[in-house]
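Using the working numbering, the first residue of the sequence shown is number 964, and each one after it goes up by one.
Yeah, the Cβ is synthetic: ideal placement off N, Cα and C, and Gly gets one too.
Source: prediction; values computed, not measured.
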Amino acid sequence: MSLILLELAADQPLDAQQANLRQALPGSEGQLVEAFAAPELTEHYFVFDGLDEAAIAQLAERSGLRPLNIKAVRLVGEAAERTAEARYLVEWDLPEGLTMAAYLQRKAEKTPLYAQVPEAKFFRTYVCEDMSKCLCLYDAPDEAAVRRARAAVGAPVTRLSRVANDDSVPS
């Protein structure tokens, strides 16, 4: 699966940006996998499959949207069919020098520790292939539970936000 993350300024509603992207999306070449945002964030996030970074840039241009970032990402965790259940987004600016191999090894070792915080459910992470950051989606009753879950696995939080997602995006 070739996944690309498109970050757009939150200067329009998420559903309006999504509609513009869908209208400009080439027929069978790729698909929008997931869209999510948080009211307090200045970005909206869109994950596409089947298109490369250049195609996403062209798609954004055809949609009349200006990308903040377009990056290849790797999915770690569950597929996006459970978007509607994700309530929190954790953004983590990854430390310089961290490799994907080291990140994945650490993730595999630490993931079982989430059991220490059963009220928080980790769904998935989109890790930028350039190792600049990752976006992690959780279900939890509150921010404190997400922070406890992150502490249990020894993972920092750069930003934590309540998710406003669009559960109509097909998986």
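Backbone CA spacing between residue i and residue j [nearest angstrom]
i, j, result
"Phe1086", "Glu1024", "31 Å"
"Glu960", "Gly990", "Any answer about residue 960 is impossible in this case: the structure gives the chain only from 964 up to 1134."
"Pro1030", "Ala1001", "17 Å"
"Lys1096", "Leu988", "26 Å"
"Leu971", "Asn1032", "7 Å"
Residue i, DSSP secondary structure in three states
i, result
"Glu1082", "coil"
"Ala973", "coil"
"Asp1189", "Given that the chain is displayed from residue 964 to residue 1134, the structure contains no residue 1189 and the question cannot be resolved."
"Val1120", "coil"
"Ala1108", "helix"
"Ala1035", "strand"
"Pro1030", "strand"
"Glu1003", "coil"
"Arg985", "helix"
"Thr1088", "strand"
"Leu995", "strand"
"Ala1127", "strand"
Spatially closest choice to residue i from the options, by CA coordinates
i, options, result
"Gln975", "Leu1028, Ala1017, Phe1011 and Gly990", "Leu1028"
"Leu1098", "Gly990, His1007 and Gln1068", "His1007"
"Gln981", "Leu1022, Gly1013 and Glu1082", "Leu1022"
"Val1036", "Tyr1051, Leu1014, Ala1049 and Arg1050", "Leu1014"
"Gly993", "Glu970, Thr1005, Ala1018 and Ala1108", "Ala1018"
"Glu1016", "Glu1041, Asp1056, Ile967 and Leu971", "Ile967"
"Tyr1051", "Ser965, Val1010 and Val1109", "Val1109"
"Ser1124", "Leu1076, Val1053 and Asp978", "Val1053"
"Ala1042", "Leu1100, Ala1078, Glu1106 and Ala1127", "Leu1100"
"Asp1056", "Leu984, Ala1127, Ala979 and Thr1121", "Thr1121"
Environment of residue i [buried if 16+ CB atoms lie within 10 Å]
i, result
"Glu1059", "exposed"
"Ser1026", "buried"
"Lys1034", "buried"
"Lys1073", "exposed"
"Glu997", "buried"
"Ala1103", "buried"
"Ala973", "buried"
"Ala1136", "Missing from the structure shown is residue 1136; the chain here goes from 964 to 1134 and no further."
Exercise for the section: Please confirm if the stretch 1087-1097 is in contact with the stretch 1056-1069, defined as three or more CB-CB distances below 8 Å between the two stretches. Expected result: yes
Exercise for the section: Could you tell me whether the stretch 1116-1129 touches the stretch 1064-1079, where touching means 3 or more Cβ pairs closer than 8 Å? Expected result: yes
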